[in-house]
Every structure is written in C-alpha cells, then in structure tokens.
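Numbering (UniProt numbering), first residue to last: 1 to 334.
Virtual Cβ for every residue (Gly too), placed ideally from N, Cα, C.
As the structure is a prediction and not an experimental result, all values here were calculated from the model.
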Ligand SMILES: Cc1cc2nc3c(=O)[nH]c(=O)nc-3n(C[C@H](O)[C@H](O)[C@H](O)COP(=O)(O)OP(=O)(O)OC[C@H]3O[C@@H](n4cnc5c(N)ncnc54)[C@H](O)[C@@H]3O)c2cc1C
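Here is the structure:
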C-alpha cells in the first residue's frame with residue numbers, strides 16, 4: 001500500500017506504508033488529483049469570499065462506501081482480530097501494528113466511540129493513575145505525565161482522555177489497522193481440532209444496533225471475519241462485556257466463569273498482566289475480561305495493568321501467530 005505526500009517542489013512523492021504511520025499530525029496528505037492545499041493562515045480575514053470546493057452528494061456517499069466495502073472485503077480474512085477497543089485492546093493494537101506492519105489487524109468495537117472505560121479515571125474524575133513500570137508505555141506513546149520522582153510508585157496523566165486519544169490516534173494511523181466500530185462480535189467462529197477440542201478461527205459480527213434488536217426483528221444474519229488469532233478485550237461482564245469468556249463457557253470451552261473478585265489493587269494488576277494468555281487455541285484474553293475468566297480481583301481506577309496486558313497480549317499473539325496460521329491452513333480449504 002502506498003500514499004502520496006507533497007514534496008518541496010510541489011509534486012507528490014510516493015511514501016512506503018511504513019513511513020505513513022509516522023507522519024506528524026499536521027501533514028497534509030493530498031490523494032488522487034488534489035493539487036493545491038491552503039493553510040489556515042491563508043484563509044484568515046477572507047471569510048466574506050469564502051466557499052468550499054463544490055461537491056455532488058453522491059461523491060460523499062461513494063467516498064465513504066467504496067472505502068468501507070473495500071475494507072470489509074479486505075479484512076474478511078485478517079491476521080489478527082482484536083475484539084474491543086478499550087485501553088487494553090488499543091494498547092495491544094498499537095504494539096502489534098508497530099511490530100508487524102505486514103499483518104492485517106482488524107479491531108471490532110461494539111460502541112460508536114472507541115476507548116471503552118478509559119476516558120475518565122475513577123468516579124468520573126479526570127486524572128488517570130498508572131503504577132510503575134507502566135509509565136514505560138506512556139513514554140512509548142509520548143503521553144506526558146506527572147511523576148513525583150524515585151520515591152513515587154505511580155505516575156499521573158492529567159486527563160485519562162489524553163492517554164486514550166493518543167493511543168487511539170496512533171493506532172488509527174497505522175495503515176495495517178482497520179477499526180470497525182459500532183460493530184459487535186456476536187459469536188466466535190470455531191473449528192474442531194480432531195481430538196474433541198475447539199480452535200477459534202474468527203469472529204461473527206453484526207452492526208451493534210442490529211445485535212441489540214434480535215428480539216424484536218427477524219432475519220438479521222451476521223457477517224464474519226476469519227483470522228488465526230483473536231485477542232478478546234471486552235472488559236467486565238455486562239450487556240456486551242466479557243463476551244468471549246462467556247461464549248467459551250456456553251460452548252463448553254471453559255468450565256465456568258471465575259467471576260471478578262473484590263478490589264485489591266496490588267494483587268489485581270499483577271494477576272491481569274501475568275495471566276494474559278491464550279485461553280483456547282486461537283483466542284487470547286486480556287484486560288478486565290480476564291478477571292472474569294480467572295476470578296481475579298478488580299483493581300479500581302489504576303490503568304497500568306490494562307496497558308501492559310495489551311502489550312503482553314500482542315507478544316503472545318506474535319509468538320503463536322505462525323503456528324495458528326499453519327493450523328488454519330492444515331484445517332483444509334475451510
Ligand atoms: C462498573 C465499572 C466498574 C469498573 N471497575 C473497574 C475495576 O474494578 N478495575 C479497573 O481496572 N477498572 C474498572 N473500571 C474502569 C475501566 O472499565 C477498566 O479499567 C478498563 O477500562 C478496562 O479496560 P479493558 O480494555 O479491559 O475494557 P473496556 O475499557 O471495558 O473496553 C472493552 C471494550 O470492548 C467493547 N466490547 C465489549 N463487548 C464487545 C463485543 N461483543 N464486540 C465488540 N466490542 C465489544 C466495549 O464496547 C468496550 O469499548 C470499571 C468501570 C466500570 C464501568
């Protein structure tokens with residue numbers, strides 16, 4: 001995949017996909033025939049003569065739908081699917097996309113707004129606390145934080161939204177990532193492994209608004225994405241949360257949910273990071289969803305475990321990827 005960037009002589013140059021991910025926010029990226037760009041400064045004081053470039057409404061429709069349907073087509077076979085774009089899923093997506101620009105990574109998020117529960121700290125306060133050494137991930141992203149120095153065991157981002165918007169913006173700039181938001185995972189694609197066990201081979205999706213109306217509308221079959229590795233980070237048990245863990249139980253892949261235990265920050269954060277792993281072949285679970293699998297303590301408003309669970313989920317996925325991909329291929333044509 002290649003993108004165009006203006007050069008100093010006004011012509012465009014083709015950028016390799018790897019460089020596009022690192023473009024600074026303010027860089028204009030004219031595509032296909034855009035010849036002249038205007039700066040905000042050039043517009044200043046000229047608003048009485050102002051007009052937008054003319055457009056026909058169908059151009060807007062086609063600009064959106066062509067891209068979306070191309071993405072649906074392309075990502076129907078993905079390398080890795082991340083279910084849930086909360087702090088854990090986004091952290092994982094960042095690490096994966098950075099480490100392996102050759103992999104196609106689909107993120108499926110039920111909500112319209114990605115970010116999960118990480119737009120605020122505890123009790124709807126603004127600040128986000130991360131215990132050390134998760135500050136390493138903030139430095140990796142370039143998120144500023146307050147640190148009281150060597151004596152302090154944690155750092156504070158002045159607003160949780162600063163962390164979430166930064167990781168989200170970095171993830172979305174990677175050319176090998178597609179976020180399908182307002183889209184719910186309704187089921188898992190499974191294969192039998194020949195020994196009575198199951199392997200997870202993809203996800204079953206639907207528009208979230210459709211998923212919410214299965215009881216009062218009919219004939220709303222879903223869509224699918226095949227992938228050798230699924231990373232599920234759907235958060236606490238709830239109407240959509242802990243989705244894959246609950247589905248594994250109902251299909252006999254897990255005996256029972258462990259259920260999230262009472263709050264203990266010290267125990268909980270270590271347990272979530274250490275426990276982030278492949279729960280069933282092809283399915284890695286991380287973040288707060290894992291507390292429902294393992295019966296881990298809840299941790300309250302401290303987010304280091306979410307970020308580092310995402311980092312570890314990415315590491316596990318890359319370790320397993322070639323094996324699971326080969327198994328999918330061995331499974332025959334389907
Ligand atoms: C009631 C409540 C209690 C909390 N308690 C704690 C706590 O004890 N400890 C703690 O650390 N934090 C707690 N939080 C804060 C916060 O939710 C979590 O710390 C953190 O956001 C969890 O990160 P995550 O990435 O695992 O999941 P989330 O931030 O919850 O993100 C999960 C994402 O997955 C999406 N999703 C869910 N199901 C599906 C599906 N089927 N298909 C597609 N997408 C799906 C959701 O829309 C969401 O965006 C709590 C929040 C709430 C609302």
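Query                                                                                                         : Result
Same chain, Cβ closer than 6 Å to residue 163, five either side skipped, listed in chain order                : 128, 143 and 157
Run of the alpha helix (DSSP H) containing residue 78, from where it starts to where it stops                 : Careful: residue 78 lies outside any alpha helix (DSSP H) and carries neither H nor E.
Per-residue burial, residue 299 [other beta carbons within 10 Å of its own, 16 or more giving buried]         : buried
Length of the line joining the Cα atoms of residue 341 and residue 94                                         : Since the first residue shown for the chain is 1 and the last is 334, residue 341 is missing from the structure and cannot be characterised.
3-residue-minimum beta strand (DSSP E) runs that sit fully inside the region 267-325, ordered along the chain : 277-280 and 283-285
Three-state class that DSSP yields for residue 98 in the structure shown                                      : helix
Collapsed DSSP secondary structure at residue 20 in the structure displayed                                   : Note that residue 20 has pLDDT 44, beneath the 50 cutoff, so the model's placement of it is unreliable and the number below is only indicative. Residue 20: helix per DSSP, three-state reduction.
Closer than 8 Å: residue 87 CB and nearest ligand 1 heavy atom                                                : yes
Any non-hydrogen atom of ligand 1 closer than 8 Å to residue 292 Cβ                                           : no
Distance between beta carbons of residue 260 and residue 291, contact taken as under 8 Å                      : 4 Å
Residue 24 versus residue 107 - alpha carbon distance                                                         : Here the model assigns residue 24 a pLDDT of 44, short of 50, so the residue's position is not dependable and the matter cannot be decided.
Within 9 Å, strictly: CB atoms of residue 177 and residue 204                                                 : no
Among 165, 133 and 236, the one whose alpha carbon lies nearest that of residue 152                           : 133
In DSSP terms, what residue 153 is bridged to                                                                 : Looking at the DSSP assignment, residue 153 forms no beta bridge with any residue, so it has no partner.
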